[in-house]
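So for the sequence shown, my numbering puts the first residue at 6; every next one is plus one.
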Amino acid sequence: MVRTLTLVLVFLAMAMPAAAQVFDTASARQMLYPTRGHTIQTAKELSPQNRRIVTGIVPLMAKEMRQPVRYYTAIAWSPKDGMVHESLQAAMNHHSVEAAGAAAVAACNVKKSNGAPNCVVAARVVPKNWQPRPLMLSIDATAAFDKKYRRMRGSKAFSVSSATGAFGYGASDAAALARCGSTGAQDCKVVIRN
6 MVRTLTLVLV FLAMAMPAAA QVFDTASARQ MLYPTRGHTI QTAKELSPQN
56 RRIVTGIVPL MAKEMRQPVR YYTAIAWSPK DGMVHESLQA AMNHHSVEAA
106 GAAAVAACNV KKSNGAPNCV VAARVVPKNW QPRPLMLSID ATAAFDKKYR
156 RMRGSKAFSV SSATGAFGYG ASDAAALARC GSTGAQDCKV VIRN
């Protein structure tokens with residue numbers, strides 16, 4: 006038991022620096038995707054008809070919202086309920102596909118029919134040529150990084166909320182965290198610092 010606990014603690018210690026990694030501006034700039042261009046990825050389990058439906062939903066969402074659907078977005082559905090049901094839910098403008106997927110699935114599970122199995126991700130909107138990277142930001146956060154944060158002089162920090170997609174930046178960690186947290190986000194963390 007003690008040996009198992011020790012091994013678990015060693016693995017957790019090894020994983021912590023990656024999870025808590027903070028990048029400088031130059032490194033972050035190299036990792037972030039451009040703010041233009043996206044692609045829609047559909048789950049391989051979908052039928053051809055459901056792929057067409059979910060792919061067609063993205064432009065309809067953009068038209069309804071009067072703005073483009075931004076990365077990272079996930080669309081979740083309950084296979085038992087089908088594509089045309091209130092359980093079809095989207096989560097948009099998150100900082101990773103995982104966060105968007107978790108938010109969309111959670112929203113879908115609230116709306117699914119009683120007794121239906123848990124919802125799954127049907128599609129996601131990602132940058133063109135997307136591959137996972139150590140630092141990913143939503144399109145809005147990437148634009149703020151490019152247009153505002155990079156132009157700031159002196160000490161500065163950029164923080165994000167994985168759960169909500171909120172972000173903030175300022176002249177210190179505290180300022181960036183306060184700005185991110187002002188949206189109600191409880192999990193803000195600094196990801197870029199100079």
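Backbone N, C-alpha and C define an ideal beta-carbon position, used for all residues, glycine too.
Straight-line Cα distance separating residue j from residue i
i      : j      : result
Gly173 : Ser166 : 9 Å
Arg71  : Ala95  : 16 Å
Arg129 : Gly186 : 26 Å
Lys85  : Gly106 : 19 Å
Pro64  : Arg75  : 11 Å
Gln191 : Thr169 : 9 Å
Met157 : Ala148 : 14 Å
Thr188 : Glu103 : 21 Å
Ala183 : Tyr154 : 15 Å
Lys68  : Ala48  : 23 Å
Asp178 : Ala112 : 31 Å
Ala108 : Lys116 : 13 Å
Endpoints, the beta strand (DSSP E) within which residue i is located
i      : result
Val196 : Lys194 to Arg198
Thr47  : His43 to Thr47
Thr78  : Thr78 to Trp82
Ala96  : Gln94 to Ala96
Gly173 : Phe172 to Gly175
Pro132 : Val125 to Pro132
Unbroken alpha helix (DSSP H) run spanning residue i, endpoints
i      : result
Val102 : Val102 to Lys116
Gln54  : Pro53 to Met70
Phe28  : Counting along the chain, Phe28 falls outside any alpha helix (DSSP H), and DSSP gives it neither H nor E.
Ala232 : As shown, the chain starts at 6 and ends at 199. That puts residue 232 outside it, with no answer to give.
Pro184 : First, the residue type needs correcting, since residue 184 is Arg and not Pro in the sequence shown. Start and end: Asp178 to Gly186.
Nearest candidate by alpha-carbon position, reference residue i, set the options
i      : options                           : result
Ser32  : Ala176, Ala168, Asp178 and Arg138 : Arg138
Ser160 : Gln191, Tyr154, Asn199 and Ala168 : Asn199
Gly175 : Ile197, Asn114 and Gly61          : Ile197
Gln46  : Thr40, Gln35, Tyr38 and Gly61     : Gly61
Ser118 : Arg155, Leu140, Val110 and Ser83  : Ser83
His90  : Met97, Val59, Asp29 and Val102    : Val59
Thr40  : Pro73, Ala79, Gly120 and Ala121   : Pro73
Gly87  : Ala121, Tyr154 and Leu37          : Ala121
Asn98  : Asn114, Ala79, Asp151 and Cys113  : Ala79
Ser143 : Met66, Thr30 and His43            : His43
Burial state of residue i (16 or more Cβ within 10 Å)
i      : result
Ser92  : buried
Ala146 : buried
Val15  : Bear in mind that the predicted position of Val15 carries a pLDDT of just 33, short of 50, making it too unreliable to give a figure here.
Ser101 : buried
Ser52  : exposed
Asn134 : exposed
Val110 : buried
Met36  : exposed
For residue j and residue i, believed in contact at Cβ under 8 Å, the rounded distance
i      : j      : result
Ala171 : Ala127 : 25 Å between Cβ atoms; not a contact.
Cys193 : Ser164 : 5 Å
Val131 : Tyr77  : 6 Å
Val195 : Ala181 : 6 Å
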